[in-house]
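All remarks here apply to the structure that follows.
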Amino acid sequence: MKIKINKKEIEAREGETILEVAKREGIKIPFLCNHPDICVTGSCRICIVEVKGKERYISACSTKVEEGMEIETKTKGVEKVRRMNLELLFSQHKEECDDCVWNPGCKLLSLAREYGVEINRFEDRKDHYPDLRFGEAIDFQSSKCIDCRNCVEACDEQNVSFLKMEEKNDYYEVNPDKDRGCVYCGQCIIHCPAGSFESVGEFEGVAKLMDENNDKEIVFQIAPNNDKEIVFQIAPSVRVSIGEEFKMETGVAQTGKLVSALKEIGADAVYDVSFAADLTTIEESNELVERLKEDKLPLFTSCCPAWVRFVELYYPEFIENIATTRSPQIISGGVIKEFSKDPENTVVVSVMPCTAKKHEIKREELTLKNGRVPVDYVLTVREVGWLLRRKGVDFPNLKESSFDNPFGEVSADAVGYGVSGGVMEAAVRHVFATVEDKEICERIKEREEFDTSVAGNKIRTKKVSGLGNSAKVLEELKEDPHRYDYVEFMACPDGCIGGGGQPIPTSREINKIRRKGLLEEAEKGKHCFTFQNESVKKIHKELKDRRDLFHTHYSKKDGPQEITEI
Ligand code: SF4
Ligand code: SF4
Ligand code: SF4
Ligand code: FES
């Protein structure tokens, strides 16, 4: 069909919204609450446009195009009402921009600047609203919420429904449901347009530690010099998203620059968590073989802590199916400290795409038998972006450095852990290599399901991402426990590349680009498969009897969710 936007004739497709057509045609319509992956709530009214023949301005994100429509996106009237709507949004968004990790990428703030909005024109209606913390992973500043409902939708989509919209004194507000439990996936964060949700910030603690250690520019607090060995470890998917924090191209790996940047701010060593992903592959594929022998299938992957918590809270009858193998960041932290000359003074900082990993490092079950915790801090990609900017690192212009050894040698399969299907592919491939002495080079991770046979036993694998989809598969398995034998579950849509700790914006479209970039990057490595990584095999041989380094246990979690006011 033909429509006109700002007098320009445009070909539009049936079913498209005005905003979608405008985006495709490169015509700017500002928007805020619209997120491509969730139901359109059309609540912020920033995307309003004028349509010939309509009395009122309409929102471009929720209005479908019609034949012959004539749309104006920036008349004086539209701009005036848009500005007014922005001012009204700020009346329910407490302004604390200087301390916000969302700044400078904050869309709300940049719109305010663009429209010359008086942020404080109206009194902050939500000034007295509380700041809440869910577990030790997620912070919710309800005084910043603009009531768009995106977080509620995202949480419902995850089948968790921990957040609900409630009516109070003629207004709506978002509240946690005290009878449910948050799984810390962080999907509310990446769907919130107002910075009302964020992960619990550990960047200031890390910055302070580094300042103390380096005895140079003190950013946060003056403290006596200490002698800690500060070691960073980088999760696979971070490679292709960290650049976005510095406005670099989406999906292009910036691994070497990240290593250099962390060294520049004082890291003593920077390791690749993919190294431990290779160790995870060895242990988890052993579990798969054992369970195959004992006929104790299906086996579920264990490296996503939000997924593990989802089962512990909502499907405890499946706890026994989760592999006991620890996640790569936990194995890696434990192994790093094991090999450290001074483990008591070694501080392990993980750089993760994930908010649930902040909860994971606090799980008591993961303390090592010598009483040490494997990982001390978890920073999201956004937090690392903040830290590097705050330290004045010129990230795009850095030279590249390599990961430190002995934990720098990784396989392509291990780097593939960052995308949905990567863990399953690596484990199945390793089973074949060790049991059948065969190499499978096929990209299993591209398939939803994969049928094969190992040592004469037929097995069917399945990959699932997103907890809504995970719940569906669990329901299927309740009906037919033999439907799948090995299932990879990842809480975030598309796996860790779509994690709650990734840069904002994150969407399924952006995840596709990150996925492609990560798989291309993986193939540049020295080894394709785990069994080719001699360095990993050597370390595994040395430590294989240390069950506390490689395995854990799970238990049913119930009772009210830990919600604290902060
Ligand atoms: S917290 Fe964020 S996503 Fe949730 S309703 Fe408020 S503004 Fe929207
Ligand atoms: S972290 Fe996940 S489970 Fe928790 S409130 Fe956000 S979307 Fe819901
Ligand atoms: S899918 Fe990845 S980023 Fe998301 S919760 Fe799981 S481990 Fe974290
Ligand atoms: S972006 Fe359209 S109403 Fe918010």
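Read in order, the letters of the sequence shown correspond to residues 8 to 573 in the working numbering.
Heads up, the beta-carbon is just placed ideally off N, CA and C, and yes, glycines get one too.
Since the structure is predicted, the reported quantities are computational estimates derived from the model, not experimental observations.
When secondary structure is reduced to three states using DSSP, I237 falls in the strand class.
In the structure shown, E443 falls within a helical segment according to DSSP collapsed to helix, strand and coil. Straight across, the Cα-Cα distance linking I520 with G258 is about 5 Å. P403 is classed as exposed because its beta carbon has fewer than 16 other beta carbons within 10 Å across all chains shown.
The continuous stretches of alpha helix (DSSP H) do not include E79, which lies in the beta strand (DSSP E) extending over residues E77 to E79. Its Cα nearest to that of L295, the residue I466 stands out among Q539, L556, R63 and I466. Residue environment: H366 is assigned as buried (16 or more neighbouring CB atoms within 10 Å of its CB, all protein chains considered). In this structure, S244 places its C-beta atom within 8 Å of the C-beta atom of P360.
The DSSP assignment places complete beta strand (DSSP E) segments of no fewer than 3 residues inside the segment 471-518 at 493-497, in order along the chain. In this structure, L320 lies near K564, with their beta-carbon atoms less than 8 Å apart. Residue state for P183 is assigned as strand, using DSSP reduced to three classes. Look at the segment 253-335 and you find these whole runs of alpha helix (DSSP H), each 4 residues long or longer: 262-271, 281-301 and 312-321. With a cutoff of 8 Å on beta-carbon distance, M497 and C311 are scored as near each other. Given a length threshold of 4 residues, each whole run of the alpha helix (DSSP H) inside the segment 336-413 is given here in chain order: 363-367 and 388-397. Nearest neighbour of K87 by Cα position, chosen from Y122, D105 and L96, turns out to be Y122. Here the distance from the Cβ of A67 to the nearest heavy atom of ligand 4 is below 7 Å.
When secondary structure is reduced to three states using DSSP, Q194 falls in the helix class.
When the alpha-carbon of K485 is set against those of N377, L304 and I570, the nearest one is in L304. In this structure the segment 275-289 does not touch the segment 443-458; the number of beta carbon pairs closer than 8 Å is below three. Looking at the DSSP output, V461 sits in a beta bridge with N464. About 6 Å separates the Cβ atoms of L386 and F210, confirming a contact at the 8 Å cut-off. Between L26 and A67, the C-beta spacing is below 8 Å.
Relative to ligand 4, even the nearest heavy atom lies 7 Å or more away from the CB of L386. About 20 Å separates the Cβ atoms of I45 and V28, ruling out a contact at the 8 Å cut-off. For the pair V213 and V400, the Cα-to-Cα distance works out to about 16 Å. Proximity of the segment 52-65 to the segment 77-84 meets the contact definition, three or more beta-carbon pairs being nearer than 8 Å. Under the 8 Å Cβ criterion, the segment 380-399 counts as touching the segment 334-349, having at least three qualifying pairs. For the pair Q99 and I153, the CB atoms are nearer than the 8 Å cut-off. Partner residues in the beta bridge of L170, as assigned by DSSP, are P183. The way I'd put it, the segment 238-253 does touch the segment 497-512; three or more beta-carbon pairs between them come closer than 8 Å. Under the three-state reduction of DSSP output, F557 falls in the helix class. The residues S514, R515 and E516, in chain order, have a CB closer than 8 Å to that of P43 in the same chain once the five nearest residues on each side in sequence are set aside.
Short note on G506: C-beta not closer than 7 Å to any heavy atom of ligand 2. Per DSSP, the unbroken beta strand (DSSP E) holding E18 starts and ends at K15 to E18.
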